[in-house]
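This report concerns only the one structure given below.
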Amino acid sequence: MTDTRLPAPFGRGIDRTRTIAFSFEGKTYTGHPGDTVATALAANGVRVISRSFKYRRPRGLFSLGGFDANTLVQVGPEPNVPADRLPLVEGLPPISPQNTDGPVARDPGAVMGLFSRFLPVGFYYRTFFRPLGAWARFEKIIRTRAGLGRIDPKSPPPPHVRTRHLFCDVAIVGGGPTGIAAALAAASNGADVILVEAEPVLGGFARAMPADAFPTLAADIAHLDAANIRVLSGAVAQGLFSDGFLTAESRTDLFKIRSSTVVLATGVAEQPIVFRNNDLPGVMTAGTVRRLLHVHGIRPGTRAVVCTADDSGWDAAADLRAAGVTVEMVADLRAAAGEATATARAALSAVPFRFSTAPYEALSQGGGLYGAPLSAVRLCGFDANATVGTVTEPIACDLLVVSGGSAPMAQLAAHAGARLTPDPDRGFVISDLRSQIFLAGSVDGRTAPDTATADGAHVGAIAAKSALAAVPPTGTVRDGAVKAVPDRPPVTARTAHPFPVVRHPAGKAFVDTDEDLVIEDVENAVEDGFAHPELLKRWSTLGMGPGQGRQTTLMGLRILAAKRGMAPAALGPTTVRPPFTGERFQALAGEGFHPHRTSPMHHRHEALGAQQMVAGLWHRPAWYGPDRDKAIAEEVAAVRGACGLIDVSTLGKLEVRGPDAARFLDRAYAGAHTAQPVGRCRYALLLDVGGNVGDDGVVARLADDHFYVTGTTGQSDATYRLLVWLNANWGLDVDITAVTGAYAAVSLAGPRARRVLRAAGTDLDLSPANFPHLGAREGTVAGIPARLLRVGFVGELGWEIHVPADQGTALWDALVIAGRAEGIRPAGVEAQRILRLEKGHVIVGQDTDGLTHPDEAGLGWAVAKKKPFYWGKAAVDFRRAEGLRHILFGFRLKDPAAAPPPESCLVVEDGRDVGRVTSAATSVACGGVVGLATLPADWPKAGRAFSIRLPDGTLSPAEMIAMPAYDPDGARLEPEPAEAPEAKP
Amino acid sequence: MKLIPCPLNGPRPVGEFACLGPAKPMPADDAAPEAWADFAYAEDNPAGPILEWWLHVPSGTMFVAERDTVTDTMIRTLWPADFRAAGGRP
Amino acid sequence: MVFALLRYGLGRRHTPFRVLPPTPATLKPSYDVVVIGGGGHGLATAYYLAKDHGITNVAVLERGWLAGGNTARNTAIIRSNYLTPEGVAFYDESVRLYRRLSNDLGINTMVSERGHLTLAHTDAAMRTMRWRAEVNKSLKVDSEVVGPDEIARLCPELDLSRDKRYPILGALYHAPGSIARHDAVAWGYAMGASQRGVEIHQGTEVQSLEIENGRITGVVTNRGRIACGRVVQAVAGRSSEVARMAGLTLPIRTVPLQACVSEPVKPVLDPIIVSGSLHVYISQSARGEFVMGGATDPYALYSSRSTFEFKEVLMADMLELFPFLGHARVLRQWAGMADMTPDFSPVMGLTPVQNYFIDSGWGTWGFKATPVCGLTMAQTIATGTPHPLIEGFRLDRFSRFAQLGERGAASVGH
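In order, the protein sequence lines correspond to chains L, R and P.
Per our numbering, the first sequence starts with residue 1, numbered consecutively.
Per our numbering, the second sequence starts with residue 1001, numbered consecutively.
Per our numbering, the third sequence starts with residue 2001, numbered consecutively.
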């Protein structure tokens, strides 16, 4: 392989003492630390790195900054990695080119290029759809041709990327001379500073210049550390969001940076020249060439032609000469060179140069169908109106340096809402920045290298001043007075050529290499009616490739404007959106936190072999043991026959206290609570403003001004929010506290519950007379302070016992031990659902659907008839008067041996849907399948037959039954009625 | 992440808050159903300043904020008592 | 079919494929129908007015560029597996129209039937899926609850392991679920409408509406006043602001809905995957990009700004479903402005203003309704009577506390 490495002083950025091997396309190459994979390939003479999206043309190094799709490669399992952003390190996975059917230099897919004239812009909109259904067939083929890299679904996921939260006064994006100066100035004014740089090494554009061009750079970089400035190098600033929230991504970290002010020293993007075959490998920007020389010590070619519209091409030519490259010609699109070019021109005394000259076409030879890198260029006369003059003979060369000038890297500013105004001489100008965002250096038009430091110092000082002034008065006052702010250097008059577009009758002048769009594509789009920049973008996909239009937008807009007969800078750019460059899903996902909640007794359930079910954030035991049906049946039997223990810690729990507590609950809940005696529970029904059932639970009055309120697991947050919102409107003297997580709770239920509770030890009188059904008491259980609510959700004698969360396990253990002799068994959610269903008790959210009137849920009894007001009353009354269509009613299947229908199966009558099964289960106690269903409100009640349509379409006969189906008169709630009151211990 | 100025806790990330919708005067207890339906469902939904209920979830702090729905900037916050004292109007 | 391209390729010059008409230099003094909003819905309405009802003296007024609002910002999913019978019937008609839309309009809208899986991670979600499936089947919509084995067959790339935070218990499978080239749908309607004489005015902003005796008599724009017979607004995201000009208050809140797209990779994901509990959905476009989104933003906003937390939450959940996607990269994120109604059903049809019609409240579902919306609104405007498919979506339902609950099909099932 050609040795392209140059001796020092070239290659300041590489460590020649070390060599790193890597594999590309199955071959092993070597490079040095400091190289990227792209530059190491260039050093090895590999000129074709990828194939283009549509025509599969060969592509190579062009911009060397992750600005185009040319360098995207597959790195092991990871597709679309910009090789020019990928540092060459030890142990890289095998690297392969993308979008090629064979060796990248000889891709048979290049046959697509032959069809280019048959594939006009928007071609796929014109065809492939006739006859009806044709698209399905064509799409299969097109899909396989599209896309770049590959992701293998079987490949292991990448390692987690750390999320790091950083805070500072001033965040600076861009570690070139401007950003470095800004950081130092901000720090010297007392600000805490973070400096973000995409490259692994600081220096920015100065690295692409001879060392003596910026003699102070090394010292300045050294000062950063002394000034306690945090430098994030190798981190791409990806987005700038509301309130100056900045994110940056490195290979290992995702940084979330919160600062008072942000300085954008993001520099400029070199702009291409549009001419025939401007995409050939060997055509590259002036900045690329200079970086290859000075940073990487790579000779990018042996014979070069330079075509430029600004001074950077001249500088590149001078550097190439110094590196021993033959510069055949410098062609400048302008009529005369800029002032800054004088030095460069002096160094180029022997090199022929021409003004008012542009590249006419790049030529290649020997590639045949596959295409080949650059071998020659023809130049042409070029005037201010972009008229093509005399064309030269081909000039043989293997390097064509191009520069159409530069345009600001405005992406981050635009993310934060800045306006980009088109400008003929500067590409566009950024304005209307949010108050905490500042621009510095070339991004703000100050492109002269020798003004970078001064401008950075100016803006850095201002940003620090502004940040420190913004520190709230309660914050720490910083040491060090704000220093005098140096003056700002002037804006460079002209940075971009207004129209570096060279027409050629044979076309193939690429405006967008990522998307393979040429001049004619833009012009034809206008003829098709897509004359607005946004419409052009959508019709042609201009600027929608991985390069995000950094080097295509400007030229596309200018060609569009010209086609529409407007001045070159008449049209502004399309909206710029984050991220700055491809952002890895893995980095965004961070550590992948998925919060979940478990009850304080969770580990006990695990030890008992509980099968967990997910309910919102909660895990709850569904049943205990490996055999679902057996476990559930035993759990149900235990509750009905002895005693069950159900963890209900997930219930929503609220404390409502204050002089107006009763009044508040009376206004918020549908039931009556002002007259509720202390020591009593009442059913709590909460509606929404539209009169729909929202939540239910129990209100227990512990004192005149103190209520303990429970609700369903799923609604606890919503209920809390509704209640505090209601009181924010009403202003009653009441305090509402959410205590769901503060209490553990169990439901102890079954005919032997009282014996178990007594055995566990309690200071409460559990006798039916002194602790009747719906009683509420505070006392101790097994020595643990507890709230006991005597409720019967499962239809047996039972208590809900609420204790401080950290005592939950102790309570559980005490009850399990105390209940051993009584046949106690833990029961899960599934058993509880069957038990309550036998009783016809509604589960809000399962038997109601968010638009259910209380009457429709059979809960009309729970709505106070005489209260002048409760939340949702107007709607409840109005809808009741309008007439309700459904009612929730019990049913059983006619076939006692049938399996329960899946919940949500529909009730059908005469071929119409008339209702829906909301709950269904096989009940041993009821001798078959029972359930609840919403049915037409006007159906006669118990005994009416109807049909449930099963998922396979068959009908299952059922009949309406009165609920409760189990223990209709509630005798089981008090199995020991004769028991005499006991004395208090 | 956007910052929301909690009147109790100072500026905090928006993820700590829940917006509970427009803040407007509640109808009288015995108002006609139409008035309640309007309160429940009709929205001014202005492109511009709006009064809204916000809850700082970790601290349970409820407040009213005036926010511009075009620029997403918080103009001011007020305590519920002040909102009620003003009759539920700006 | 490919002959058109061949002819094109062999010809010397570009034969324009005139899709979008240029904006006429001036507005006429009067139109039979003025359509406010040049997005998919407005253009489709104009198209069917001209095609089905012979009403061609129509102006479509678009304040920005054509189809530049939510039509340009959605993630182009088409389906009809809704929860309410009204919703199912309505969207099913849309699916039917979409199937032959390319051929009707003469432009490839790239409607691609990929199948649509709504994953359920909880038994509550399974119940909702069953409900939707049963309602769908009643209306002859292809929709069924499937278990993990069938999911593995339909989308082997999904991580179906059970020891996850949100294991996949089952899914609602809707074979007709499709994706399309959203812009092309609007362009096709624009092309068809303009070919039939409809005028499309871009850069034309309605500034006020003149109302006399409960009728709109004039539409005042930045390019002059127009007299009009009937007026319809189809301006999702700005519905409240435009309705206010007609003196109407809507049950709508404008909320951003964000989305993002990855860099293109070779095809790896066939169906459209939605997870309601995880608030994510994903499909892979014909270009190879993953198109992804989540739930709406948590508060009202008239802005298409992007947020970081949207991507953060989306990706944490996406990688739960597809761990290998950690290797993919986000190329671009954006936002649209969704008209959210209390019941997630649209607000369509007549209004208290006699000759003013409304097409709003699309929430996150506007794109998939585009054809049926145009069809039904055109008939409603032409006849003055609501099309039977949209009767349930009437504005006045809320004053009767009568919601048309489509939330169960919502969360993120855009």
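No residue lacks a Cβ here, since even glycine has one placed at the ideal position from N, Cα and C.
Computed from a prediction, not measured in an experiment: that's the story for all the values here.
(request) Find the residues of chain L that neighbour residue 2034/P, judging by a C-beta separation of less than 8 Å, and give them in chain order. (result) Simply none; closest approach about 22 Å.
(request) In angstroms with no decimal places, state the Cα-to-Cα distance between residue 842/L and residue 2127/P. (result) Straight-line Cα distance between these residues: approximately 16 Å.
(request) Determine, using beta carbons only, whether residue 1042/R comes closer than 8 Å to chain P. (result) yes
(request) Taking the CB atoms as reference points, tell me whether residue 893/L and residue 847/L lie closer together than 8 Å. (result) In this structure, residue 847/L does not lie closer than 8 Å to residue 893/L by Cβ.
(request) Just the C-alpha distance for residue 2341/P and residue 2395/P, rounded to the nearest angstrom, thanks. (result) Rounded to the nearest angstrom, the two C-alpha atoms are 11 Å apart.
(message) Do residue 522/L and residue 560/L count as a contact pair if the criterion is CB distance below 8 Å?
(response) yes
(request) Kindly say whether residue 2107/P, judged by its beta-carbon, lies nearer than 8 Å to any beta-carbon of chain L. (result) Interface flag for residue 2107/P against chain L is set, since a Cβ pair is found closer than 8 Å.
(message) Is it buried or exposed, residue 1075/R, if we count other Cβ atoms within 10 angstroms and call 16 or more buried?
(response) exposed
(request) State the start and end residues of the unbroken alpha helix (DSSP H) segment that holds residue 2318/P. (result) 2308 to 2321
(request) Could you please give the first and the last residue of the uninterrupted beta strand (DSSP E) stretch that includes residue 2281/P? (result) DSSP places residue 2281/P inside the beta strand (DSSP E), whose first and last residues are 2280 to 2284.
(request) Taking a Cβ distance cut-off of 7 Å, strictly less, list which residues of the stretch 2340 to 2373 of chain P are near chain L, in chain order. (result) none
(message) Taking the alpha-carbon of residue 498/L as reference, which of 562/L, 488/L, 577/L and 116/L has the nearest alpha-carbon?
(response) Minimum Cα distance to residue 498/L is reached at 562/L.
(message) Distance cutoff 8 Å, beta carbons only. Does residue 1072/R sit that close to anything in chain P?
(response) yes
(message) Using a Cβ-Cβ cutoff of less than 7 Å, which residues in the same chain neighbour residue 735/L once the five nearest sequence positions on both sides are dropped?
(response) Within its own chain, the residues whose Cβ lies closer than 7 Å to the Cβ of residue 735/L, once the five positions on either side in sequence are excluded, are 657 and 658, listed in chain order.
(message) Any beta carbon from chain P within less than 8 Å of residue 1009/R's own beta carbon?
(response) no
(message) Counting only beta-carbon separations shorter than 8 Å, does residue 2205/P have a partner in chain R?
(response) At a cut-off of 8 Å between beta carbons, residue 2205/P makes no contact with chain R.
(request) Look at residue 619/L and residue 611/L and say whether their C-beta atoms are less than 8 Å apart. (result) no
(request) Could you list which residues in chain P have their beta carbon closer than 8 Å to that of residue 247/L, in chain order? (result) Result: 2308.
(request) Drop a sphere of 10 angstroms on the beta-carbon of residue 976/R, count the other beta-carbons inside from all chains shown, and report buried for 16 or more, exposed for fewer. (result) No answer is possible for residue 976/R: the residues shown for chain R start at 1001 and end at 1090.
(request) Please name the residue in 2327/P, 2328/P and 2294/P whose C-alpha comes closest to that of residue 2338/P. (result) 2294/P
(message) Check this for me: beta carbons of residue 737/L and residue 651/L, under 8 Å apart or not?
(response) no
(message) Between residue 2123/P and chain L, is the shortest Cβ-Cβ distance under 8 Å, so that the two count as touching?
(response) yes
(message) On a Cα-Cα basis, can you pick out the residue from 2399/P, 2390/P, 2397/P and 2268/P that is closest to residue 2088/P?
(response) Comparing Cα positions, the closest option is 2390/P.
(request) Quick one: using the 10 Å Cβ neighbour count with 16 as the cut-off for buried, is residue 675/L buried or exposed? (result) Classification of residue 675/L: exposed, given that the 10 Å Cβ count is below 16.
(message) Quick test of your reading: residue 58/L and residue 105/L, contact by CB under 8 Å. State the CB separation rounded to the nearest angstrom.
(response) 7 Å
(request) Could you list which residues in chain C have their beta carbon closer than 9 Å to that of residue 875/L, in chain order? (result) The structure shown has no chain C; the protein chains it does contain are L, R and P.
(request) Compare the C-beta of residue 557/L against all C-beta atoms of chain P and say whether one is closer than 8 Å. (result) no
(request) With DSSP as the reference, please indicate the residues paired to residue 458/L in a beta bridge. (result) Paired residue(s): none; residue 458/L is not in a bridge.
(request) Report buried or exposed for residue 137/L, applying the criterion of at least 16 other Cβ atoms within 10 angstroms of its Cβ. (result) With fewer than 16 other Cβ atoms within 10 Å, it is exposed.
(message) Comparing C-alpha positions only, which one of 810/L, 458/L and 248/L sits nearest to residue 604/L?
(response) 810/L
(message) Please classify residue 162/L as buried or exposed, where buried requires at least 16 other C-beta atoms within 10 Å of its C-beta.
(response) exposed
(request) Starting from the beta carbon of residue 2311/P, find every residue of chain L whose beta carbon is closer than 7 Å, and list them in chain order. (result) 588
(message) Suppose the cutoff is 6 Å on Cβ atoms and the five residues either side in sequence are ignored; what does the same chain contact list for residue 477/L look like?
(response) Low local confidence applies: a pLDDT of 37 at residue 477/L is under 50, so the model's placement there is unreliable, and no value is given.
(request) List in chain order: all unbroken beta strand (DSSP E) runs of 3+ residues lying wholly within the stretch 387 to 427 of chain L. (result) Within the stretch 387 to 427 of chain L, complete beta strand (DSSP E) segments of at least 3 residues are found at 388 to 391, 399 to 403, 406 to 408 and 419 to 423, given in chain order.
(request) Can you have a look at residue 991/L and say buried or exposed, based on whether 16 or more other CB atoms are within 10 angstroms of its CB? (result) This structure cannot speak to residue 991/L, because chain L is shown only from 1 to 985.
(request) Report the three-state DSSP secondary structure of residue 2360/P (helix, strand or coil). (result) strand
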